[in-house]
Amino acid sequence: MESGVLRQITLTLIVSTMALSSGMSTGWLTPMTPKLRRFDSPVGRMTKQDISHLAAVPLYVGFFVAFAYGFIAKKFGRKDALICVGIPSIVSGLILTFTKSKVALFVGRSFGGCTMIGGVMASFMYVSETVNDSIRGTLMTILAFQINVGILLSNVLGDTLSYETFNFIGIAIPVVSSILILWLPESPHFLVDNDRIKDAMRSLLWLKEGIT
1 MESGVLRQIT LTLIVSTMAL SSGMSTGWLT PMTPKLRRFD SPVGRMTKQD
51 ISHLAAVPLY VGFFVAFAYG FIAKKFGRKD ALICVGIPSI VSGLILTFTK
101 SKVALFVGRS FGGCTMIGGV MASFMYVSET VNDSIRGTLM TILAFQINVG
151 ILLSNVLGDT LSYETFNFIG IAIPVVSSIL ILWLPESPHF LVDNDRIKDA
201 MRSLLWLKEG IT
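The sequence shown begins at 1 in the UniProt record's numbering and counts up by one.
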């Protein structure tokens, strides 16, 4: 076994929780629609037109956010881009959990759009630059799998849990993810591109288990 494989698998599993959040945000509306259409909805009964707008908002936001995440990843680092996925995900969950306003619900879903796009971009970029060539394909598959798991979880948990409990889970996952990601090293590719050679060497040593 190549050096650092177990550490790189652990790294991928940690980062993949951001892809999981992306999937949960993507699948959020399907189980929430029946709850939002009821007269006892937390924000009042929403019309079919409201729901269609609620579906479109995160996609429009995600389109523009993609450029922002690309800039953050290039300017500040892949790790910082990952953390910047966690922040709007937490904000989105807080708004969706506690709001009683339709307008705030749209704002919450707008932050969810950041998670939908950023979770995919940042996690794939980070893992592709930090794991060995021999296992990169396999580990990248884990990220894609986690997106689908997130969508499935949204449908299963959203149907069985209350509106507030389900959204609280949407807060807890990125909180834990962001804390764990702080423990991970920056991408050595990013560090070399920015002439931080010593930092890149330390990052590589960590990834190869030269530093514990």
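From the three backbone atoms N, C-alpha and C, an ideal C-beta is built for every residue, glycine too.
Problem - Extent of the continuous alpha helix (DSSP H) to which K75 belongs - result: It spans 48-75 - the alpha helix (DSSP H) in which K75 sits, taken as one unbroken run.
Practice task
Taking all protein chains shown into account, decide if R45 is buried (16 or more other Cβ within 10 angstroms of its Cβ) or exposed.
Solution key: exposed
Handout entry: Exposure label - R78; buried when at least 16 CB within 10 Å
Key = buried
Handout entry: Cβ-based neighbour list, L139, same chain, cut-off 8 angstroms, excluding 5 preceding and 5 following
Key = Q8, I9, T12, V127, V131
Exercise for the section: Could you check if G137 is buried or exposed, using at least 16 other CB atoms within 10 Å of its CB as the buried criterion? Expected result: It is exposed - the Cβ of G137 has fewer than 16 other Cβ atoms within 10 Å.
Problem - Nearest-angstrom Cα separation, counted from A200 out to D193 - result: Distance between the alpha carbons of D193 and A200: 10 angstroms.
Practice task
Could you check what DSSP says for P31 in three-state terms: helix, strand or coil?
Solution key: helix
Problem - Beta-carbon proximity of S123 to A19, cut-off 7 angstroms - result: yes
Exercise for the section: Return the first residue and the last residue of the alpha helix (DSSP H) that D199 is part of. Expected result: Note, D199: alpha helix (DSSP H), 197-207.
Handout entry: Assigned secondary structure, L161 (DSSP; H/G/I helix, E/B strand, else coil)
Key = coil
Practice task
Return the chain-ordered list of same chain residues with a C-beta closer than 8 angstroms to the C-beta of T26, the five sequence neighbours on each side being excluded.
Solution key: M116, I147, G150, I151, S154
Handout entry: Neighbour-count burial assignment, S203, 16 or more Cβ in a 10 Å radius
Key = The residue is buried, with at least 16 neighbouring Cβ atoms inside 10 Å.
Problem - Classification of T212 by the beta-carbon crowding that lies within 10 angstroms, buried from 16 upward - result: Its pLDDT being 44, under 50, T212 is placed unreliably by the model, and the measurement read from it follows with that caveat. T212 should be labelled exposed.
Handout entry: Residue of I14, I83, P42 minimising C-alpha distance to K100
Key = Looking from the CA of K100, the closest CA among I14, I83, P42 belongs to P42.
Handout entry: Inter-residue Cα distance where the pair is G4 and I142
Key = 18 angstroms
Handout entry: DSSP state of P88 mapped onto helix, strand, coil
Key = Here P88 carries a helix assignment [DSSP, helix/strand/coil].
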